[in-house]
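Protein chains in written order, with the numbering used here: chain A, 470 to 876; chain B, 470 to 876; chain C, 470 to 876. C-beta: ideal position from N, C-alpha, C; glycine also. This one's a predicted model, so the numbers in the text were calculated from it and none came from an experiment. Worksheet for the structure shown next.
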Amino acid sequence: MMANLNGKAVLDDLIASRCEGHSMPQEFYTDAAVYAADVERIFNRQWVFVGHSCQVEEAGEFFTVTIENDSLIVIRALHNVCRHRGTLISRKDCGKARRLVCPYHQWTYERDGKLASCLGMHEINHDGLGLLAAHVEDLEGMLFVCLAETPPDFAATRAMMAPVLAPQRMGEAKVAKIVDYDVTSNWKLVWENNRECYHCNVNHPQYIKANFDHYNSDDTTAVIKERIDAATERHEVQCAKNELEITHKETGMATFPDPDRGLWYAANRTTLVEGYVSESMDGQQVAPLMGDYQDADVGTMRCRTMPNMWNHSSCDHVVSTRLLPLVANRPQVRVMWLVHPEGEEGRDYELEKLMPFWQLTSEQDWELCEFAQIGISSSAYRPGPYSTHKEYNVDAFVRWYLKALVQ
Amino acid sequence: MMANLNGKAVLDDLIASRCEGHSMPQEFYTDAAVYAADVERIFNRQWVFVGHSCQVEEAGEFFTVTIENDSLIVIRALHNVCRHRGTLISRKDCGKARRLVCPYHQWTYERDGKLASCLGMHEINHDGLGLLAAHVEDLEGMLFVCLAETPPDFAATRAMMAPVLAPQRMGEAKVAKIVDYDVTSNWKLVWENNRECYHCNVNHPQYIKANFDHYNSDDTTAVIKERIDAATERHEVQCAKNELEITHKETGMATFPDPDRGLWYAANRTTLVEGYVSESMDGQQVAPLMGDYQDADVGTMRCRTMPNMWNHSSCDHVVSTRLLPLVANRPQVRVMWLVHPEGEEGRDYELEKLMPFWQLTSEQDWELCEFAQIGISSSAYRPGPYSTHKEYNVDAFVRWYLKALVQ
Amino acid sequence: MMANLNGKAVLDDLIASRCEGHSMPQEFYTDAAVYAADVERIFNRQWVFVGHSCQVEEAGEFFTVTIENDSLIVIRALHNVCRHRGTLISRKDCGKARRLVCPYHQWTYERDGKLASCLGMHEINHDGLGLLAAHVEDLEGMLFVCLAETPPDFAATRAMMAPVLAPQRMGEAKVAKIVDYDVTSNWKLVWENNRECYHCNVNHPQYIKANFDHYNSDDTTAVIKERIDAATERHEVQCAKNELEITHKETGMATFPDPDRGLWYAANRTTLVEGYVSESMDGQQVAPLMGDYQDADVGTMRCRTMPNMWNHSSCDHVVSTRLLPLVANRPQVRVMWLVHPEGEEGRDYELEKLMPFWQLTSEQDWELCEFAQIGISSSAYRPGPYSTHKEYNVDAFVRWYLKALVQ
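In structure tokens form, the structure reads like this:
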């Protein structure tokens, strides 16, 4: 049954109907009006990760990104919409331009969006006819845009994350590969999947070989605890050389997001299992060392931002995942692999070795999300209890989401 | 134009606007709100035929069935939705399982739906977290489920139908073939097509060779009447040997449904034309005799239940048709052929001889339904008069439907 | 955001919100309720061009046309919907029939729509059960239908247009080719594109070689003016021989439509550039002279009618474009090429020479319309100013549309 969400009052009722510690009522995953609210109140208001600055390194280089109905040219995030009659300006995913020319009637804009010329028009005032711009921030090579008029604060985010991200030097990296997926699932189910490793043992045979995330307070045996401590100690020796710090030393996932403290961002460095220096199939290095690293054995740097990004960076490569609304219950998910800027395919790395670890893990997750969507759409769906041992971050995500929805 | 069916009052107005003895107003075939009411008030409340018990003969065997948004595991009809976070449990059409394990976080259920284990959770009460179950009835090998909390009575249905169905012994039969169709037509048009043989002469050249249904009170000549009497007499001799009874001895279709007497089910035995012992292309036997039959010349056993099943059973094979809502105006129709459990393809029967009679007849009907849907969606559609000679059962169906809709 | 257009008041507000001389607010291009109003108040009330009379020359020949949900048999424009149970009668695009027989139950209609027979029915009155008819007008071989009960006046249209169209003798022509397109764009954007040549210089390299339309008051130099005068003079000499008249002698497009004077139709003869006698790739004649023409050098005859037709006719061929709603923001656009009735492909003309000029120009336009639709759907879309030099007809179209919408 679809709720008839005509007003905010009904949305408030729906939010109030959620049973704490349980998955959300069906409408949050199926109702068109909730989806519209998600786009309007979350994706159109929050900082949205769009890509890496190394994709637009040279003057005039740009890429485009679509957030639901909005297409942006990321040079300086300009709306990709002509001010004459509204036509899409760039139809390419990326490119390089001295000026931006609308193909319809050749209205021409500077790279900063100013209207440069519009031959054929009567005398008109060019002011106020520049391309609309979105706010944009470059965080150590990760680009974020915000469509809202007044964006949320970014300074605290930068202060916390920049030091952790800096040594990876993503700003100077090179894109090795981009893979796009259409996932037939509500975007929130993708996050709920991402925020727990309760499903990892059976569903991610590759991932659990490299990581300790799937152990939690209920199943971290003394043996496991010893392994983690040993791994952490080993990494810390190397990290000290590299002036890095292991900040997450426990089993289980780092707490994220944290709606009580308003934290929609997080970054930390954590350990890999013994014998692993990279999130690759066999744990061995698959590309040249990146950034400031002098040594491979530095664990992994991880960061995430609500509502749409997570990133796992090894000593030798970066994997960024970007989640964007496109049509209801069919978000576009992009996975990007970055390597050292001078890395050359075939010589320094091979995609066959670089990609499988996260390609397999990602695709395993999309399938779980799609079957969750089908089940949740059934009349037999009842919100069920989250495991306090293993799904504390799913609950944290749900609380972040419900709070963001009514801000 | 779409009606704005916001409340029951509007639906009542729409029902009141129907001109008796005529086809229904356009909205019944095109309006999304009527479709939602059809699913909610008909398919989610009535007994719905889902398949044959011979499909789940061995312990642990199951098949899944989807009714609009609801997916069921038919072992004992369990909702195919995990009680943890709502994920679809079985993604297979059918299978065999000792226990049912959700692939997401391995919550494990007994075959009767009870929660057996959910490792990784904190202490939780297993009671109340079993798989939701739908009501299920096995009627001589035909399985019916009801999604409603309190299902309609089934005892009278069983009492009337079981003696007619019994000699066919469907419960011990074997599925020879299943074919699924997506028919681009309102589900009611499929029934309206099924409930008259006014269209048979021109559209079903195979069907009319074997049957007397297409003759009615206005065109049953003395010669035809004599042929029917002779055929009935011939069958009755054989039937008596088999302890069967020919219950429909007239031309025209048996009256069904009967909303005045609340009959949403019917079964009878009727005669085939001279020279036909089976509904096959040439009327000859195409598989071993089924069930209790000692002789081929026993006419046909037919049964139907509202809202979604009809069945024609010859001495040697069964054809069941199952109609289920999936998306608006695109029901899934499944045709199933059953044979003797020991029949072996290639040795005892060939699909090329078993299938064409009903495959052709079915596909001819789907095409008619699809073109009816297009015409009815036009602004030029006006409900037209039903033939009292030939479309009495279409009118009976419409009256059954309108009554069910407001129950 | 979708407007909630529940009543006429909201539509009036939306119309009032339009800034004069600017493109229209977003909802006119994206909102489902506006689209429904467009169909109901424009396409279901105005005269709609459906094809050429030469397509139904012989007795009993017909073609079908679909306007949104309505399918018509054009013999005499009959609704293609049986009066019995609403089934589509003809499933073919065109054909020839002595009588029209519904394939479902063989209700049979005369060519004029009267119910001729319906065997199998009880005694019913045939009056009032004929096929519903739409109004139809044949204007010098161009067929128009109107679905409204009381159609707008056609007499003034005929009086103005017939003399201009007559010498082309489309009524006796032959269809050389029909190409259908699904354009993913609001139908109004197709018109807005059609009503200006501001976009021609860059986007239509073929078209601008043959025509003077793309010059306007701001860029018609003395040299251009001289060329036009010379071309006009040259054509007028030939036209005088043919008893024709060059009625549009200026640069820029003829003003059309003219909502202030209620003109939804226009026809004129205009000049081609020096060296061009036909709208072909090289300007040379590509088929035998049509109609009354004794000479190739007669410029072009052009006509258009709101809401769905434009036509460019050269001495040797006709190109008619027909725009029809089918689904929201996906109109069907048909381009038809006509030639002399005795023209024989391969001998008198080749499609490879006849088609490219308008096929390329059309396809260039559809692409522009599709990218306009994407941009306009963005949150960054702001109605922009029309060029008073070059987009006066776009503004005229918008004013015609808004007026028609509230009539």
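Beta-bridge partners of B:Q801, as assigned by DSSP = B:D651 and B:L793
Would you list the one or two residues that DSSP bridges to C:V605?
-> C:V614
When the cut-off is 9 angstroms and only beta carbons count, does A:T653 lie next to chain E?
-> Chain labels in this structure do not include chain E; the protein chains are A, B and C.
How is B:R469 classed by DSSP in three states: helix, strand or coil?
-> This structure gives no information on residue 469 of chain B, because the portion of chain B shown stretches from 470 to 876.
Using beta-carbon positions only, say whether A:E743 and A:A699 come within less than 9 angstroms of one another.
-> yes
Reduced DSSP secondary structure (H/G/I, E/B, other) of A:L557 = strand
Apply the 10 Å Cβ neighbour rule to B:A472 and answer buried if 16 or more other Cβ atoms are within range, or exposed otherwise.
-> The predicted position of B:A472 is uncertain, since its pLDDT is 38 and thus under 50; a value taken from the coordinates is nonetheless stated next. B:A472 should be labelled buried.
For A:G760, collect the residues of the same chain with a Cβ closer than 7 angstroms to its Cβ; drop the 5 residues on either side in sequence, then sort them by chain order.
-> P636, Q637 and R638
For B:F725, name the three-state secondary structure that DSSP assigns.
-> Here B:F725 sits in coil by DSSP.
For A:F840, return the contacting residues in chain B, with the cut-off set at a CB-CB distance below 8 angstroms.
-> T556, L557, R560, P572 and Y573
Name the chain A residues whose beta carbon is nearer than 7 angstroms to that of C:Y667?
-> H574 and G589
Is the number of C-beta pairs between the stretch 784-803 of chain A and the stretch 642-656 of chain A that are closer than 8 angstroms three or more?
-> yes
Top-ranked residue by Cα proximity to C:Q753, from C:W779, C:D785 and C:G731 = C:D785
For A:Q842, count neighbouring C-beta atoms within 10 Å of its own C-beta (all shown protein chains included) and say buried if the count is 16 or more, exposed if not.
-> buried
Cβ atoms of C:P572 and B:V671: under 9 angstroms apart, would you say?
-> yes
Run the CB neighbour count on A:V517, radius 10 Å, all protein chains shown included, and call it buried at 16 or more, exposed below.
-> Buried, because 16 or more other Cβ atoms sit within 10 Å of the Cβ of A:V517.
Looking at the unbroken beta strand (DSSP E) that takes in C:L584, where does it start and where does it end?
-> L584 to S586
Using a Cβ-Cβ cut-off of 8 angstroms (strictly less than) and excluding sequence neighbours within five positions of A:F840, which residues of its own chain qualify?
-> none
Same chain only: Cβ atoms within 8 angstroms of B:F512, ignoring 5 sequence neighbours per side = I536, E537, L616, P776, N777, L793 and P794
Check the C-beta distance from C:C708 over to C:I715 and give it rounded, since I have them as a contact under 8 angstroms.
-> 6 angstroms
Check the Cβ-Cβ distances between C:A849 and every residue of chain A, and say whether any is below 9 angstroms.
-> yes
Kindly indicate which three-state DSSP category B:R567 falls into: helix, strand or coil?
-> Here B:R567 sits in coil by DSSP.
Measuring CA to CA, which of A:C838, A:V808 and A:E811 is closest to A:W660?
-> A:C838
Just mark B:R514 as buried or exposed, buried being the case when its beta carbon has 16 or more other beta carbons within 10 Å.
-> buried
Closest Cβ-Cβ distance between A:R552 and chain C: below 9 angstroms?
-> yes
Measure the Cβ-Cβ separation of A:H521 and A:L807 and say whether it is below 9 angstroms.
-> yes
Using alpha carbons as the reference points, say which of B:P825, B:T739 and B:P620 lies closest to B:E606.
-> B:P620
Can you tell me which of the three DSSP states C:V519 falls into?
-> strand
How long is the line joining the alpha carbons of B:G721 and B:S856, rounded to whole angstroms?
-> 13 angstroms
Output the boundary residues of the beta strand (DSSP E) element that contains C:D539.
-> Counting along the chain, the unbroken beta strand (DSSP E) around C:D539 starts and ends at D539 to V543.
For B:V863, which of B:E592, B:A502, B:N663 and B:S486 has the nearest alpha-carbon?
-> B:N663
Straight-line CA distance for A:G564 to A:E530?
-> 6 angstroms
Give me the Cβ distance between C:A873 and C:D727, rounded to the nearest whole Å; I'm assuming they're in contact under 8 angstroms.
-> C:A873 to C:D727, Cβ: 13 angstroms. No contact.
Near C:H491, which residues of its chain fall below 7 angstroms by C-beta distance, leaving aside the five closest residues on each side in sequence?
-> Here the set comprises P852, G853, P854 and Y855.
Mapping DSSP to helix, strand and coil, what is B:L732?
-> DSSP, reduced to helix, strand and coil, places B:L732 within a strand of the structure shown.
Three-state secondary structure (DSSP) at A:C666?
-> DSSP places A:C666 in coil when its eight states are reduced to three.
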